[in-house]
Every structure is written in C-alpha cells, then in structure tokens.
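S.K.: According to the working numbering, the sequence shown is numbered sequentially starting from 2.
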Amino acid sequence: MSNECSKIAKCPLFNDKILKRQESADVYKNLFCRNPEKYRECKRYQVSEKVGTCADFVMPNSSLTVEQIIQKMKEKALIP
Ligand code: SF4
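(1) So Pro37 packs on Asn4, CB below 8 Å; how close in whole Å?
(2) Thinking C-beta only, is Cys34 closer than 8 Å to Phe58?
(3) Under 8 Å by Cβ, that's how I've got Ile71 and Lys51 pegged, so tell me the actual separation to the nearest angstrom.
(4) Kindly examine the ligand SF4 and report whether one of its heavy atoms sits closer than 7 Å to the Cβ of Lys8.
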C-alpha cells in the first residue's frame, strides 16, 4: 500500500495549478494527497481512476458523486 497518492506527479491540484490560496491547497494535500488512509477517498482520485482525468472544478471532498462529476465533465465536453 502506497503512502501517498499515485497521482501526485500529474495532479493539477497538488501542483498548485487550481487553487489561488496556497493555504487551501496545503490543507487538501495534507488531508488527502499525503494521507495513506484518505487519498483513495479523494473524488479527484476516484474520477481519474474511472476516466483517466479529472476536471479542475472537482475538489477532493466534493459532495457530488463520481457519476455526477463524470456527467458534468461530459456536459462540458471535457471527456467524450
Ligand atoms: S489525492 Fe486527489 S488531489 Fe491529491 S494528488 Fe491524488 S488525485 Fe490529486
């Protein structure tokens, strides 16, 4: 079992491409990305596992279901 999320290298949220406030990004990184107990619960992780990518509007603790997020990404033509 990995200690941190396998998507760290390419995840825009982890690489500070999404959130303007550094403090907010750091909270997510500590709560999810670097937490071996939690990163699999990250909605970005779960969506990426299903469709290979995740839209920037999705936060790790999104209240939307994975299916709802995928539907939104389709509506925005981010995925086929
Ligand atoms: S836990 Fe979520 S936000 Fe963090 S690197 Fe993985 S996919 Fe990205």
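Glycine residues also receive a C-beta, built at the ideal position from the N, C-alpha and C atoms.
M.R.: Inspection of the coordinates gives the following:
(1) 5 Å
(2) no
(3) 7 Å
(4) yes
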